[in-house]
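Visitor:
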Amino acid sequence: MASKIEKLEQQQADLQRKQDEIKAKIRAIKSKEQAEKRKKATHYKVLLGAYALHSFVERGEFPLVSAEQLRKFINDDKKFDELIAFINEEIAKGKK
Numbered sequence: 037m038a039s040k041i042e043k044l045e046q047q048q049a050d051l052q053r054k055q056d057e058i059k060a061k062i063r064a065i066k067s068k069e070q071a072e073k074r075k076k077a078t079h080y081k082v083l084l085g086a087y088a089l090h091s092f093v094e095r096g097e098f099p100l101v102s103a104e105q106l107r108k109f110i111n112d113d114k115k116f117d118e119l120i121a122f123i124n125e126e127i128a129k130g131k132k
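According to my numbering, the sequence shown holds residues 37 to 132 in order.
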C-alpha cells in the first residue's frame, strides 16, 4: 500500500516539476516578446525623430507630421503600416 502512495507522490512531484518548467518557458517567451516590442518601439521613435529632424532642417521649423508627409518619407509599405499602428497605439495610451 505504501508503495502505491509513494508512486503517486513521485508522479505528482514529476508533474509539478514539468509544470514549473513550462511556466518558466512561458515567462521566457513573454520576456522575449516584450523585448521585441521595446526594440520596435525604439526603432519607430527613431524613424519619427529622423523625419521630424529632416522636416525641421528642410523647412527651418518643426511642423506637425501629417500621414501624407510621413508616407512620402517612409517608402516601405510594411514599415509605414506598422508605424501608423504604433502611432495610433501611442495616441490611445496618451488618452488614458
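Ideal Cβ positions, reconstructed from N, Cα and C, are used throughout, including at glycine.
Helix, strand or coil: how does DSSP classify S91 here?
Guide: It is helical.
Visitor: Which residues in the same chain as L119 place their Cβ atom closer than 6 Å to its Cβ, once the five residues preceding and following it in sequence are excluded?
Guide: Here the set comprises Y80.
Visitor: Below 8 Å on the Cβ atoms is my contact criterion, and I expect I110 with F116 to pass it. Report the Cβ-Cβ distance as a whole number of Å.
Guide: About 5 Å; that satisfies the 8 Å criterion.
Visitor: Express the C-alpha separation of A86 and Q105 in angstroms, rounding to a whole number.
Guide: Computed Cα separation, rounded: 13 Å.
Visitor: Pull up the distance between the alpha-carbon of D56 and that of K68, whole angstroms please.
Guide: D56 and K68: Cα-Cα distance of roughly 18 Å.
Visitor: In three-state terms, what does DSSP make of I65?
Guide: Three-state result, I65: helix.
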